[in-house]
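K.L.:
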Amino acid sequence: MRSFLPNLLDRRLFVAGAIGGLAVGGKAMARAEPVTIFSGGPILTMDDARPAVEAIAVRGDRILAAGSLDEVRAAAGRGARAADLEGRTLLPGFFDPHGHVSMVGLQARYANLLPAPDGEGADVSALQGITRDWMSRHEALVRDTGLVIGFGYDDSQLKERRHPTRDELDAVSDVVPILFLHQSGHMGAANTPALAAAGVGADTPDPSGGVFRRRDGSREPNGVMEETALFAVMGALFTRLDAEANRQMIVEGARFYARFGYTTAQDGRSSTDTCRMIAQLAEAGALPIDILSFPDILTSADIMATPLHRRGYEGRFRIGGVKLTLDGSPQAKTAWLSQPYFIPPEGQPASWRGYPAVTEQQALDAVDLAFRNDWQIEVHANGDAAVDLLIAAVREASRRHGVKDRRPVLIHGQTTRLDQLDDLKTLGIVPSFFPMHTFYWGDWHRESVLGPRRAELISPCASAVRRGMRFTTHHDAPVANPDAMRVLSATVTRRTRSGDILGPDERVPVATALKAMTLWAAWQHYEDDRKGSLEVGKLADLVLLDSDPTRIDPDRLAGIKVSQVYKEGRPVDLG
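Structural data, given as structure tokens:
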């Protein structure tokens with residue numbers, strides 16, 4: 009087990025020196041392991057003291073030296089190996105501040121219903137065709153599990169501008185259960201066999217915090233499900249996937265993250281079983297990158313009493329804290345707003361503001377439990393009414409348990425108001441924004457969800473910077489691909505699918521956006537002593553890009569490709 013702080017040997021080996029401004033590890037390492045010197049391209053460190061260097065040296069899993077090529081060579085000693093960057097750009101590996109790596113494997117394994125540019129889910133007919141084709145290519149998997157899953161359809165991008173129905177899924181198969189998951193992860197559609205397998209019918213009531221949509225003039229479900237209604241059906245159907253299938257999906261999800269340059273992934277809202285499965289994979293050495301889990305505080309707080317909750321990783325896994333979900337998704341119009349949606353969803357009145365996922369008392373009790381135990385808590389709150397509840401809960405818990413550096417995290421905060429940013433700063437709440445919305449759903453937010461005025465402030469990154477706040481940015485995979493360059497592009501340009509710029513005053517420079525994906529993300533999770541920047545003694549978690557994001561046209565950022573990823577000094581198989 010690696011401890012959170014370097015052990016005595018580490019401290020002796022990595023005492024930092026200074027040679028003409030060079031950061032270098034102590035000479036006691038000289039007889040240990042071979043050294044590799046990376047040079048021949050831009051090296052962006054995320055270290056304010058030295059933002060760019062000519063070379064770095066890596067010994068084992070740590071950075072030995074960083075500085076000019078001559079200085080690094082001198083520090084590395086004779087026999088060091090040379091790694092030529094060939095003009096490509098080296099950065100710290102990206103750190104995921106919020107995502108669902110265990111679900112990314114589901115996305116990678118099953119039918120891809122995403123719209124362009126990530127898929128071909130343009131209309132309902134296309135969704136049907138994609139699913140039929142996937143079923144024909146995976147007959148054995150369908151036969152063994154008795155289940156078909158399609159991931160990523162988006163009603164805002166479908167030609168019909170609506171969700172597919174059970175009848176349209178029945179047209180694909182009225183025998184095998186089929187479940188379509190919306191790109192937001194907060195809505196879905198099921199065919200008749202899937203609803204029957206989950207025990208859902210005309211007599212099934214809507215669960216608290218969710219809705220089974222009904223056929224016109226009837227109580228019969230039309231197949232479309234919101235929030236907890238969807239989660240109940242998923243829970244019933246996913247029991248068909250055995251433990252081995254789930255383990256394979258976790259590994260596939262981690263590999264998918266690595267292809268986009270991530271060396272640390274998050275599994276937000278994990279279950280107890282998922283945490284134990286990831287721990288088993290970690291013990292077996294099966295994880296290509298680190299996984300940081302935040303189990304659901306309402307259902308899986310029992311796991312917090314185990315050794316898996318710690319500051320250090322065991323075989324590339326640790327539990328960092330807990331997750332609480334307060335509302336839904338703005339693009340699905342289930343996020344909880346203080347003011348009505350610009351255009352209400354089908355069947356809802358003009359006063360529609362979405363709804364909370366939990367009661368006020370549940371939220372207050374959950375945050376109090378986390379503060380009482382000094383657990384870090386990450387809270388999903390998309391709508392500003394949900395953000396208000398988070399602020400109230402943290403303020404009350406701080407009053408009861410005192411002020412400490414607990415770093416509660418606001419996840420998404422899409423519609424955070426500027427007055428709420430002031431409260432977040434006062435209370436020490438870290439905002440982790442989702443600026444990819446400006447690309448994927450920016451036009452939808454402006455035209456239908458929030459209207460032109462409120463849409464401009466989606467994920468207010470620059471306003472946070474102006475207040476002297478550190479923020480992080482995420483992709484919420486599998487809601488979107490864990491595409492670090494798309495995250496970077498959206499944060500810097502805020503360009504929508506149509507080419508417009510949504511909220512130009514909320515754009516931030518490339519250097520700031522990169523910190524939100526590396527050093528600040530590591531700091532959010534108390535890991536900035538060993539990750540997030542290329543400094544002596546930190547882990548050699550590296551990503552190599554084919555272009556320098558600080559030197560190209562910002563509108564080309566999304567096209568940058570990951571050439572290689574190194575986890576603890578070793579190349580990761582991106583195949």
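When you line the sequence shown up against the working numbering, it's residues 9 to 583, in that order. In this text, a Cβ means the ideal position worked out from N, Cα and C, and glycines have one as well. No experiment lies behind these values; they were computed from the predicted model shown.
Taking 9 Å as the cut-off, decide whether the C-beta atoms of ILE466 and GLU543 are in contact.
P.N.:
No, the pair does not count as a contact, with Cβ atoms beyond the cut-off.
K.L.:
Does GLN422 come out as helix, strand or coil in the three-state DSSP assignment?
P.N.:
Three-state result, GLN422: coil.
K.L.:
Select from SER278, GLY48 and ALA210 the residue whose C-alpha is nearest the C-alpha of VAL112.
P.N.:
Ranking SER278, GLY48 and ALA210 by Cα distance to VAL112 puts SER278 first.
K.L.:
Any idea if ALA31 is buried or exposed, counting beta-carbon neighbours within 10 angstroms, 16 or more meaning buried?
P.N.:
Low per-residue confidence applies at ALA31: pLDDT is 49, beneath 50, and the placement is therefore not dependable enough to give any value.
K.L.:
Could you give the C-beta distance for PRO303 and ILE286, rounded to a whole number, given that I count them as a contact under 8 Å?
P.N.:
Not a contact, Cβ separation roughly 11 Å.
K.L.:
If I measure Cβ to Cβ from ARG7 and keep anything under 7 Å in the same chain, skipping five residues before and after, which residues do I get?
P.N.:
What the structure shows of the chain is the stretch from 9 to 583, and residue 7 is not part of that stretch, so it cannot be assessed.
K.L.:
Helix or strand or just coil, what does DSSP make of LYS569?
P.N.:
It is coil, neither helix nor strand.
K.L.:
Mapping the DSSP letters down to three states, classify ARG81 as helix, strand or coil.
P.N.:
ARG81 falls in the helix class under three-state DSSP.
K.L.:
Would VAL417 and VAL438 be called neighbours here (beta carbons separated by less than 9 Å)?
P.N.:
A contact, by the Cβ cut-off of 9 Å.
K.L.:
Compute the distance between the beta-carbons of GLU354 and ASP376, then report whether it is under 9 Å.
P.N.:
Not in contact: GLU354 and ASP376 (Cβ atoms no closer than 9 Å).
K.L.:
Could you pull out every residue in the same chain whose Cβ sits closer than 7 Å to the Cβ of SER192, ignoring the five residues on either side in sequence?
P.N.:
These residues qualify, in order along the chain: SER337, GLN339, ALA340 and VAL487.
K.L.:
Is it the case that the Cβ atoms of ASP310 and GLY391 are separated by a distance below 9 Å?
P.N.:
Cβ atoms of ASP310 and GLY391: not closer than 9 Å.
K.L.:
Starting from GLU235 and walking both ways along the beta strand (DSSP E), at which residues does that stretch end?
P.N.:
First-last of the beta strand (DSSP E) with GLU235: 229-235.
K.L.:
For ARG538 and VAL259, I'd like the C-alpha separation in whole angstroms.
P.N.:
Approximately 24 Å, taken between the alpha carbons.
K.L.:
Let me know the secondary structure DSSP gives LEU122 once reduced to three states.
P.N.:
LEU122: coil per DSSP, three-state reduction.
K.L.:
When you compare the CB positions of PHE379 and GLY459, do they come within less than 9 Å of one another, or not?
P.N.:
Not closer than 9 Å, so no.
K.L.:
Could you name the residues of the same chain whose beta carbon sits closer than 6 Å to that of LYS331, not counting the 5 residues immediately before and after it, in chain order?
P.N.:
These residues qualify, in order along the chain: GLY276, ARG277, PHE302, ASP304 and GLU386.
K.L.:
When you compare each of LEU289, PRO468 and VAL366 to GLN256 by their alpha carbons, which one comes out closest?
P.N.:
It is LEU289 whose Cα lies nearest to the Cα of GLN256.
K.L.:
Nearest CA to the CA of LYS415: which residue from ASP491, PHE325 and ALA530?
P.N.:
The sequence shown places Arg at residue 415, not Lys. The candidate whose alpha carbon is nearest that of ARG415 is ALA530.
K.L.:
Are the Cβ atoms of GLY218 and LEU187 separated by less than 9 Å?
P.N.:
Taking 9 Å as the Cβ cut-off, GLY218 and LEU187 do not qualify as a contacting pair.
K.L.:
Given PRO123, which residues of its chain have a CB within under 7 Å of its CB, disregarding the five upstream and five downstream residues?
P.N.:
Cβ within range, chain order: GLY129, ALA130, ASP162 and GLN165.
K.L.:
Decide if GLN369 is buried, meaning its Cβ has at least 16 other Cβ atoms within 10 Å, or exposed.
P.N.:
Exposed: under 16 other Cβ atoms inside 10 Å.
K.L.:
Do ASP549 and THR282 have their C-beta atoms within less than 9 Å of each other?
P.N.:
Contact flag unset, no.
K.L.:
Could you spell out the range, first to last residue, of the beta strand (DSSP E) harbouring LYS523?
P.N.:
Segment 518-525 is the alpha helix (DSSP H) holding LYS523; no beta strand (DSSP E) there.
K.L.:
Which class does PHE479 belong to by DSSP, given the choice of helix, strand or coil?
P.N.:
Residue state, collapsed to three classes: coil.
K.L.:
Is it buried or exposed, ALA492, if we count other Cβ atoms within 10 angstroms and call 16 or more buried?
P.N.:
Label assigned to ALA492: buried.
K.L.:
Report all residues from its chain with a CB closer than 6 Å to the CB of LEU552; omit the five preceding and five following residues, and keep chain order.
P.N.:
Hits under 6 Å: ARG96, LEU98, SER571 and GLN572.
K.L.:
Which partner residues of THR44 appear in the DSSP bridge assignment?
P.N.:
Note: THR44 sits in a beta bridge opposite VAL66 and ARG89.
K.L.:
So ASP152 is in the beta strand (DSSP E); what residue range does that whole segment cover?
P.N.:
From DSSP, ASP152 is part of no beta strand (DSSP E) but of the alpha helix (DSSP H) over 147-153.
K.L.:
Once DSSP output is grouped into helix, strand and coil, what is the label at PRO439?
P.N.:
Strand at PRO439.
K.L.:
Among the candidates ALA374, PRO42 and LEU345, whose CA atom is the shortest distance from the CA of ALA394?
P.N.:
Cα-wise, what sits closest to ALA394 is LEU345.
K.L.:
List the endpoints of the continuous alpha helix (DSSP H) containing PRO584.
P.N.:
This structure leaves residue 584 out entirely; the chain is present only between 9 and 583.
K.L.:
Taking the C-alpha atoms as reference points, what is the distance between VAL184 and ASP104?
P.N.:
Using only the alpha carbons, I get a separation of about 36 Å.
K.L.:
Assign ASP18 to one of three DSSP states: helix, strand, or coil.
P.N.:
Residue placement at ASP18 cannot be trusted, given a pLDDT of 30 that sits under 50; the coordinates are not used to answer.
K.L.:
Where does ASP581 fall in DSSP's three states?
P.N.:
Coil at ASP581, not helix or strand.
K.L.:
Report buried or exposed for PHE12, applying the criterion of at least 16 other Cβ atoms within 10 angstroms of its Cβ.
P.N.:
In this prediction, PHE12 scores a pLDDT of 24, lower than 50, which makes its location untrustworthy; the coordinate-derived value is nonetheless stated afterwards. When all chains shown are included, PHE12 counts as exposed.
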